[in-house]
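Below is one structure; the comments refer to it alone.
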Amino acid sequence: MTAITLRIPDAMDKALRDAAAGAPSLNDYILRAVRRQMTLDAARRLARIEPLDLGGEGDAL
5 MTAITLRIPD AMDKALRDAA AGAPSLNDYI LRAVRRQMTL DAARRLARIE
55 PLDLGGEGDA L
């Protein structure tokens with residue numbers, strides 16, 4: 005696990021708290037957003053890799 009520190013500009017505080025109103029906590033909302041962005045970033049990196057020849061592999065991967 006990697007620890008990260010986020011600094012939220014004061015100008016974003018109210019909007020962020022309003023967006024997180026339905027979440028269990030502000031921390032939980034931010035954590036989910038970070039995980040979602042990390043997943044999207046990883047998917048973009050994978051999409052740039054040349055297609056792999058997985059003929060006959062099926063669901064083995």
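Position one of the sequence shown corresponds to residue 5 (our numbering), numbered consecutively onward.
All residues carry an ideal CB built from backbone N, CA and C; glycine is no exception.
Source: prediction; values computed, not measured.
Asked                                                                              : Found
Assigned secondary structure, Met16 (DSSP; H/G/I helix, E/B strand, else coil)     : helix
Contact check, Leu30 vs Ala37, beta carbons under 8 Å                              : no
Thr43: first and last residue of the uninterrupted alpha helix (DSSP H) it sits in : 30-52
Proximity of Ile34 and Leu50 at Cβ, strictly below 8 Å                             : no
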